[in-house]
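Below is one structure, written out as structure tokens; the observations come after it.
Numbering (my numbering), first residue to last: 13 to 180.
What follows is the structure, given as structure tokens:
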């Protein structure tokens with residue numbers, strides 16, 4: 013049977029990206045679908061934004077310590093919206109890098125939601141595409157436990173780095 017692709021990957025997180033690029037490096041015709049930013053949990057809403065937030069949060073300590081070395085640092089204040097925008101900018105830069113790596117590897121990227129129709133067919137947007145092998149690499153999502161106040165006050169790792177206003 014003839015297929016559109018040798019491998020179709022649903023999900024462009026670390027696992028999906030690695031599988032797609034590796035298969036393409038062996039000559040397979042590969043496509044990958046991602047409805048969100050390319051990069052997965054670590055790049056988009058996990059490791060990278062967390063590390064950037066932690067890095068940025070240490071500046072007050074450094075300003076304080078600098079006085080002991082002769083630096084005169086005036087009053088400092090965090091511009092929360094700028095802080096979050098700077099993190100978003102880096103996350104987007106890394107996502108674009110991954111998109112470039114896919115292109116260099118010869119992997120076709122669909123910036124759309126994909127769903128499995130059968131063992132060899134995926135629906136991507138309004139198209140049906142076929143593949144000899146389909147890899148579902150969509151990762152996971154946080155669950156909000158059913159506890160009082162969770163819906164109103166609870167926040168998950170999917171939202172924490174998108175809080176646009178500083179808590180007073």
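We treat Cβ as the ideally placed atom computed from N, Cα and C, and that holds for glycine.
So, under 8 Å CB-CB, residue 64 and residue 111 are touching, yes? Tell me the CB distance rounded to an integer number of Å. The pair is not a contact, with the Cβ atoms about 20 Å apart (cut-off 8 Å).
Rounded to the nearest angstrom, how far is the Cβ of residue 72 from that of residue 173, given a contact under 8 Å? Not quite, the Cβ-Cβ distance comes to about 20 Å (not below 8 Å), so this is no contact.
Please state if the CB of residue 126 and the CB of residue 56 are separated by a distance shorter than 7 Å. The answer is no: Cβ separation not under 7 Å.
Quick check: the Cα distance between residue 163 and residue 58, rounded to an integer number of angstroms? Straight through space, the alpha carbons of residue 58 and residue 163 are spaced by roughly 21 Å.
Would you mind giving the Cβ-Cβ distance between residue 29 and residue 147, rounded to the nearest angstrom? I have them listed as a contact below 8 Å. About 11 Å; that fails the 8 Å criterion.
Does residue 177 come out as helix, strand or coil in the three-state DSSP assignment? Look at residue 177 here: in three-state DSSP terms it is coil, with no helix or strand label.
Do residue 136 and residue 113 have their beta-carbon atoms positioned less than 7 Å apart in this structure? Not in contact: residue 113 and residue 136 (Cβ atoms no closer than 7 Å).
Boundaries (first-last residue) of the beta strand (DSSP E) holding residue 8: Absent from the structure is residue 8, since the part of the chain shown begins at 13 and ends at 180.
From residue 79 to residue 85, what distance separates their C-alpha atoms? Rounded to whole angstroms, residue 79 to residue 85 spans 7 Å at the Cα level.
Residue 169 versus residue 154: straight-line alpha-carbon distance, rounded: Residue 169 and residue 154 have their C-alpha atoms spaced approximately 7 Å apart.
Residue 89 versus 43, 70, 104, 83, residue with shortest Cα-Cα distance: Looking at the Cα atoms, 70 is the closest of the given residues.
Helix, strand or coil for residue 48? Go by DSSP, reduced to three states. If DSSP states are grouped into helix, strand and coil, residue 48 belongs with coil.
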